[in-house]
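In the UniProt record's numbering, the protein residues as written are 1 to 354.
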């Protein structure tokens, strides 16, 4: 419920809140304009992107309605209808678009390059129009708009209009944050393994900078201990269960690095009971967060088939952390193999080292 306007004693003063709605939607429009250049490539390659374009246009239309009501007082009586219809329609958008977007990524993630085929463009357009049409049709036939009056202290009267919030968006933000944090706790061994791989890589780079005196026996034993540690570390990294968990953790870390702040802020807002209307909470920022989550989930399921593909329909997360770890491990493996080969040659050339 929101207060459209309130009247003071004897109706001598009227407080119109239309400007508040206009400023809020101007803020959302500015946020949308900021997100458009960042993700303009991915918005043309997936269903979530096409829906983002439609959401951007719908927000502009809503903003024009609010501006017209602000500057033409004769349209004020329609403000409650517009706010209620839009908030109700927006409430019905997240669930179908997340389901359809997940199906789209599951089917087309491995061939999500640009340009998109005409058949997929047509299919995306039809799906987006169907989602909007069903949401608007259902809103027009289910909600009953009635401006209510409420008595306030000091003989004031407030005119109340019903506004709806999106429980789907709230549930998504809270559940995804809890889910990703639980994954980090579950994969703590792989997190330590990541750290050890990077430390071993740093030690390897430092050892390259130092001159090797491989003719001395004590240098041979020092290198042997280091190579044995590297080999044990690489054997642990190459275990099937460890590779699966490392892939899961790396995808999770890629997602949290980019969207952790947004999810934490949204969750704090929800638990502080600062519910936002659905036409504010359903924005491009949330849509791209949902898109990144779906891409990461499908990527983990289809990692063997997709491989190190860097052309995902997601311009926020790069999804390359796992392959960076693999490159680090491959470099260490080559270093271990080269060291063993070099040592074997020296032992054959100089038997006194044995």
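For glycine and all other residues, C-beta sits at the position ideal for the given N, C-alpha and C.
Practice item. Could you check what DSSP says for residue 160 in three-state terms: helix, strand or coil? Key: Strand.
Check your understanding: What are the complete alpha helix (DSSP H) segments, minimum 4 residues, inside the region 34-81?
Key -> For the region 34-81, whole alpha helix (DSSP H) runs of length 4 or above, ordered along the chain, are 47-71.
Exercise for review: Return yes when the Cβ of residue 300 is within less than 8 Å of the Cβ of residue 256, no when it is not.
Suggested key: Against a cut-off of 8 Å, the Cβ pair of residue 300 and residue 256 comes out as no contact.
Exercise for review: Would you mind reading off the limits of the alpha helix (DSSP H) that contains residue 182?
Suggested key: Looking at the DSSP string, the run of the alpha helix (DSSP H) that includes residue 182 is 167-186.
Point to revise | Extent of the continuous alpha helix (DSSP H) to which residue 281 belongs | key: Per DSSP, the unbroken alpha helix (DSSP H) holding residue 281 starts and ends at 278-281.
Review point. Residues in its own chain within less than 6 Å of residue 86 by CB, not counting five upstream and five downstream?
Key: Excluding residues within five positions, the ones whose Cβ falls inside 6 Å are 62, 279.
Review point. Are residue 290 and residue 172 close, meaning C-beta to C-beta below 8 Å?
Key: A contact, by the Cβ cut-off of 8 Å.
Check your understanding: Can residue 269 and residue 177 be called in contact, C-beta distance under 8 Å?
Key -> Contact flag unset, no.
**Study point:** Three-state class that DSSP yields for residue 291 in the structure shown
**Key:** In the structure shown, the three-state DSSP call for residue 291 is helix.
Point to revise | 6 Å Cβ shell around residue 66 - same chain, five flanking residues per side excluded | key: 21, 22, 25.
Practice item. Output yes or no for whether 8 Å exceeds the beta carbon distance between residue 39 and residue 315. Key: Contact flag set, yes.
Point to revise | residue 127 versus residue 68: straight-line alpha-carbon distance, rounded | key: Their backbone Cα atoms lie some 31 Å apart in a straight line.
Exercise for review: Report the residue from 318, 297, 320, 288 whose alpha carbon sits nearest the alpha carbon of residue 35.
Suggested key: Among 318, 297, 320, 288, the Cα nearest to that of residue 35 is on 288.
Review point. Buried or exposed: where does residue 218 fall if 16 or more other Cβ atoms within 10 Å of its Cβ makes it buried?
Key: Model confidence at residue 218 stands at a pLDDT of 45, short of 50, so the residue's coordinates are unreliable and nothing is read from them.
Exercise for review: With a 10 Å radius around its C-beta and 16 neighbouring C-beta atoms as the bar for buried, classify residue 102 as buried or exposed.
Suggested key: A residue is called buried once 16 or more other Cβ atoms fall within 10 Å of its Cβ, and residue 102 is buried on that count.
**Study point:** 8 Å Cβ cutoff met for residue 161 and residue 84
**Key:** Contact: yes.
**Study point:** Three-way DSSP call (helix, strand, coil) for residue 338 in this model
**Key:** Note on residue 338: pLDDT 48, under 50, position unreliable in the model; the coordinate value appears next. Look at residue 338 here: in three-state DSSP terms it is helix.
Review point. Run through DSSP, which three-state label would residue 115 get?
Key: In the three-state reduction of the DSSP assignment, residue 115 falls in the coil class, being assigned neither a helical nor a strand state.
Check your understanding: Between the C-alpha atoms of residue 19 and residue 181, what's the straight-line distance to the nearest angstrom?
Key -> Approximately 40 Å between the Cα atoms of the pair.
Review point. In or out: residue 222 buried (at least 16 other Cβ within 10 Å) or exposed?
Key: Unreliable placement is indicated for residue 222, whose pLDDT of 46 sits below 50; the coordinate value is still reported in the next sentence. Flag for residue 222 reads exposed.
**Study point:** Option nearest residue 183 by Cα separation, candidates 31, 33, 297, 59
**Key:** Distance check between residue 183 and each of 31, 33, 297, 59 places 297 closest, using alpha-carbon atoms only.
Practice item. Locate the alpha helix (DSSP H) running through residue 103, then write down its first and last residues. Key: For residue 103, the uninterrupted alpha helix (DSSP H) run begins and ends at 94-108, by DSSP.
Review point. Exposed or buried, which one is residue 118 when buried takes at least 16 other CB atoms within 10 Å?
Key: With fewer than 16 Cβ atoms within 10 Å of its Cβ, residue 118 is classed as exposed.
Exercise for review: Identify whether residue 274 lies in helix, strand or coil by the three-state DSSP scheme.
Suggested key: Coil, per DSSP.
Check your understanding: Which value, in whole angstroms, describes the spacing of the CA atoms of residue 100 and residue 143?
Key -> Those two C-alpha atoms are separated by around 25 Å.
Review point. Any idea if residue 115 is buried or exposed, counting beta-carbon neighbours within 10 angstroms, 16 or more meaning buried?
Key: Residue 115 should be labelled exposed.
Practice item. Could you check what DSSP says for residue 320 in three-state terms: helix, strand or coil? Key: DSSP places residue 320 in coil when its eight states are reduced to three.
Check your understanding: Is the distance from the Cβ of residue 105 to the Cβ of residue 306 below 8 Å?
Key -> Contact flag unset, no.
Practice item. Check whether the Cβ atoms of residue 94 and residue 166 sit closer than 8 Å, and answer yes or no. Key: Yes, Cβ-Cβ distance for residue 94 and residue 166 is below 8 Å.
Point to revise | Three-state secondary structure assigned by DSSP to residue 302 | key: Of the three classes helix, strand and coil, the one that applies to residue 302 here is coil, per DSSP.
Exercise for review: Sort 311, 320, 319, 318 by Cα distance to residue 44 and report the nearest one.
Suggested key: The candidate whose alpha carbon is nearest that of residue 44 is 311.
Check your understanding: Of the residues 129, 79, 91, which one's Cα is nearest the Cα of residue 57?
Key -> Selected option, being the one with the closest Cα: 129.
Point to revise | Distance between residue 110 and residue 64 (C-alpha atoms, nearest Å) | key: A straight-line Cα-Cα distance of about 40 Å links residue 64 and residue 110.
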